[in-house]
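Residue numbers (the numbering used here), protein chains in the order written: chain W, 151 to 575; chain A, 1396 to 1536.
In this text, a Cβ means the ideal position worked out from N, Cα and C, and glycines have one as well.
Since the structure comes first, as C-alpha cells, the remarks are kept for the end.
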Amino acid sequence: MKTINALFVVLCFFVFSNSQAIDLGHGFTIKGFGTAGLVNSSNNGADFVANSNVQASGVGRTNDTSLVVDSKLGLQLDYQATDRLSFAVQGLSRQQYNKSFDPILEWAYVKFKILPELHIRAGRIRPAIYMLSDYLDVNYSNPWVRPPVEFYTTAAIDRMEGVDLLWRPSIGDLSWLVQPYFGVTDLKTPGVGNSFKADNILGINLTGTYSDLTLRAGFGQGDITLFSPSLTQAQSGLNIICNTGLDPIACAQYNAFNTTRKNVIFSSVGANWDNGNYFVLGEFGKRFAKTKVISDVTTWYISGGARINKFTPYITYSSYHNDSPVTFNGDTNNVFNLGLGAAVNQIATGLLQGGNAMDQNTISLGMRYDFMSKFALKAQWDHIQTSTKNGLAGTGDGLFVNQQAGFGNSPTQVDLFSVTLDFAF
Amino acid sequence: MTRIMPFFLFVALVLTASSIQGDVVVVMSAKSNVSNLSKNTVTAIFLGKTPTFPDGNQAIPIEQSEGQEAYNEFHRLVTEKSTAQLNAYWARIVFSGMGNPPREVANNDEVLKIIATNPYMIGYLEKSAVNRTVKIVFAPQ
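And the structure:
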C-alpha cells in the first residue's frame, strides 16, 4: 500500500503541476481531477458527510470546520491499444470508511468497440444507477459543491466487478443511450467490521437527448448481504427468543430482518434541460427492499441556475423520505411469552431506526465561478432540516452520522457553508 | 418616400443576411457522401453523443484548439457552450469512461489537411479558408 500511495502522489504531482492531461505516447494518457474543499457546520451534535456510504466522519461534531468532507484527488490512466480496444484505470483518494485517504481503484476496465455505436466494458466499473452516476466524484463537471446527498447516497453501490453495454443509436436529431449492466461487488462501509455484498447487480439506464433536453429512466437491483457485528447481535437476539418457542412473533421478525441475499430495487427518472444560459435538472427515485433492515425510500431533487459570464448562481431543493415503519409493536399482552414480546419490540424498533437514514431536506444556494480554464471556485450555503417520525424520539437523525446521544430526538436545522476549488485536466 | 422604402428594405436585408451568416462553416472531405447536416446532428457528433452520421457511417469530429477564432465561433453558434461548459462536459465524459474529446488540431490549415484525407472526418473552419478538397455540410446562421 505504501508503494501505491507514493506512486499515486508522484503521478498526481506530475499531472497537477502541468495542469493538463499528459500524453505519454504509444496510446497512453494520464488525466486527473480533484477538489479542495472547506466546510463549516453550525451544529456540533452530529457529522455531515458528502457520502454516508463511504465516509466515517465529517463536519459538525468531529470538527466545526473540516477539509475531509469534499476534498479528493483522482487520477486516470487510459491506454488506447487499438482502434477498437482500450483500457482505463482510475484511482481515487478521498476519505474512506476507516478515515484514511488511501487511494482506491475506482475503475479498471477493458473497453471494446463492437460497432461505432456499440461498446462493451468489462472489469471494475460504476453501475449507471443515477443520471449523474458516472461523474458523481468529478465535482468540476457539476454546478454544485457536491451532488445533493439526499438523492445520491440512496444506492450504495459505488463500483462493481461486471460488464456493461453502451449502445448509442440515433434517430434523426434524437440521440439515445441504452446501457444495461450486470455485476457483483463487495464494499466496506463505515463502522468496525461493517461491509456489504451485492450479487446479481442488474440494471438498465435509458437516456434520450433532443437538443437542450435530456430525459432519463433507470432501473437497478441487487441481492444484498449485510455484515455488521451489531446487526448480527440483534438478529441472534431475535433467533434466541424464537427458539424458546414462546413467541412466534420473534420468529417472523427474525425472518423479516434477515439480510442474506435480499433483493433491493432502485428505480428513478430524471431530466436535464440546459440551453447554455439557463439549466434545470432533477431526479426522482424510489427504493424498495426485501429486508426490513434496509428501509424503503422516496427521494428527489430539483436544481436550477443561470450562467452569467463566468458566474453560475444556482438553487437546489432535495428531499429524502424514509417510507418504512420506524417502530415495531408486537404482542406485549401475551402472558405466555413471559415478557419476551417487549424484548422483540425493542430489538425490532432498534433495527428499523439504527442503520437507516431518516427524513431530511435541504435548500442549497450557491455560486460557481469559472475563473480560469479547467478550474472552478464554488461557494455554497446549505440549510438542512431533519424531521422526526410522528414526533418519536430517535427518528430525527436525517442523514447525519456520528450523532451525539439525543441528536435525533427532535427536528434539527443545520447550516453549512462550503468553499471548494475544483479542477479537471 | 414610398420610392426609397424598397431600397432601404433591400439594404436592411443585405446587412442582416451578411451579419447573420457566420464566418465559420462545418466541412467534410469532398469525397464524402454526406451532403447536409442539421445543427443538432453536428452538435451531437462534436459532443460525442452520437458516433455516426445519419447514414450510419462512423463520424470522426476534429476540433480546433481552445482559443482559436473558429473554435469560439463554432461553439458559440453550434454547440452553444462556453469554454468552461465544454471543459466541464468533457470532464464528465472522460472520467466516466464514456469517451474522449475529439482529436484537436491547431488551426484552419491543419483542419483542411486532415479532413481532405478521410471521408469520415468532420471539422470546422473559417469560411475564407475553404478550398476544393472539402465541402460545406453545415453553415451556422
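Where Y470 (chain W) sits in the DSSP three-state scheme:
strand
Does the CB of S1424 (chain A) have a neighbour CB from chain W at under 8 Å?
no
Quick one: give me the first and last residue of the alpha helix (DSSP H) that A492 (chain W) is part of.
Counting along the chain, the alpha helix (DSSP H) containing A492 (chain W) begins and ends at L490 to G504.
Could you give the distance in angstroms between the alpha-carbon of T562 (chain W) and the alpha-carbon of N344 (chain W)?
27 Å
Y451 (chain W) versus D287 (chain W): straight-line alpha-carbon distance, rounded
18 Å
Selection of the segment 524-555 of chain W by Cβ proximity to chain A, strictly under 8 Å
K524 and A526
Keeping to the same chain, check which residues put their C-beta closer than 6 Å to that of V1421 (chain A); ignore five residues upstream and five downstream.
V1437, Y1519, V1532 and F1533
Kindly indicate the opening and closing residues of the alpha helix (DSSP H) around D1504 (chain A).
N1503 to T1512
Under 7 Å from the C-beta of V1489 (chain A): neighbouring residues of chain W:
K181
Does the beta carbon of A574 (chain W) come closer than 8 Å to any beta carbon on chain A?
Yes, contact with chain A.
Use the C-beta contact count for F575 (chain W): other C-beta atoms within 10 angstroms, 16 or more gives buried, fewer gives exposed.
buried
Per-residue DSSP class, three states only, for A1524 (chain A):
Three-state DSSP puts A1524 (chain A) in a helix.
Given S474 (chain W) as reference, the closest of W:L501, W:G491 and W:L490 once Cα atoms are compared:
Considering only alpha carbons, the answer is W:L501.
Alpha carbon to alpha carbon, how far is D308 (chain W) from A186 (chain W)? Give it in angstroms, no decimals.
21 Å
For W257 (chain W), which residues in chain A fall below 8 Å Cβ to Cβ?
Result: G1492.
Taking one C-beta from the segment 309-319 of chain W and one from the segment 265-278 of chain W each time, how about it: are there three or more such pairs within less than 8 Å?
yes
In angstroms with no decimal places, state the Cα-to-Cα distance between I1488 (chain A) and D214 (chain W).
35 Å
According to DSSP, what are the bridge partners of W257 (chain W)?
W:Q240
What are the complete beta strand (DSSP E) segments, minimum 3 residues, inside the segment 152-223 of chain W?
172-175 and 178-191
Short check: CB of P319 (chain W) to CB of E267 (chain W), under 8 Å?
yes
Let's test the definition: count the other Cβ atoms within 10 Å of the Cβ of A1479 (chain A) and tell me whether it reaches 16, buried, or not, exposed.
Buried is the label assigned to A1479 (chain A), since at least 16 other Cβ atoms lie within 10 Å of its Cβ.
Around the C-beta of H176 (chain W), are 16 or more other C-beta atoms found within 10 angstroms, so that it is buried, or is it exposed?
exposed
Beta-carbon gap between I1448 (chain A) and A1439 (chain A) smaller than 8 Å
Sequence inspection shows Phe at residue 1448 (chain A); the Ile mentioned does not correspond to that position. No, the Cβ-Cβ distance between F1448 (chain A) and A1439 (chain A) is not below 8 Å.
Beta carbon of S468 (chain W), beta carbon of T512 (chain W): below 8 Å?
Yes. Within cutoff.
Other residues of its chain near A258 (chain W): CB distance less than 7 Å, five sequence neighbours each side excluded:
V239, G273 and R274
Check the Cβ of Q1480 (chain A) against every Cβ in chain W and list those closer than 8 Å, keeping chain order.
G426 and R457
Against D96 (chain W), what residues of chain A qualify as contacts under a CB-to-CB distance less than 7 Å, listed in chain order?
Residue 96 (chain W) lies beyond the stretch modelled for chain W, which goes from 151 to 575, so this question has no answer here.
Looking at T482 (chain W) and N495 (chain W), is the spacing between their C-beta atoms short of 8 Å?
yes
Mind checking which residues open and close the beta strand (DSSP E) that includes K436 (chain W)?
Run containing K436 (chain W): Y428 to A439, per the beta strand (DSSP E) assignment.
Please state whether DSSP places K524 (chain W) in a helix, a strand or coil.
coil
Are the CB atoms of G455 (chain W) and A507 (chain W) within a distance shorter than 8 Å?
no
Would you list, in sequence order, the uninterrupted beta strand (DSSP E) runs of no fewer than 3 residues that lie entirely inside the segment 243-318 of chain W?
254-265, 268-275 and 310-317
Who does E1499 (chain A) pair with in a DSSP beta bridge?
Bridge pairing for E1499 (chain A): A:E1458 [DSSP].
Cβ-based burial, K249 (chain W) [other Cβ within 10 Å; buried from 16]
exposed
Alpha-carbon spacing of N1526 (chain A) relative to F1469 (chain A), whole angstroms:
19 Å
Starting from G548 (chain W), trace the alpha helix (DSSP H) both ways and give me its first and last residue.
It is not in any alpha helix (DSSP H) - G548 (chain W) carries neither H nor E in the DSSP assignment.
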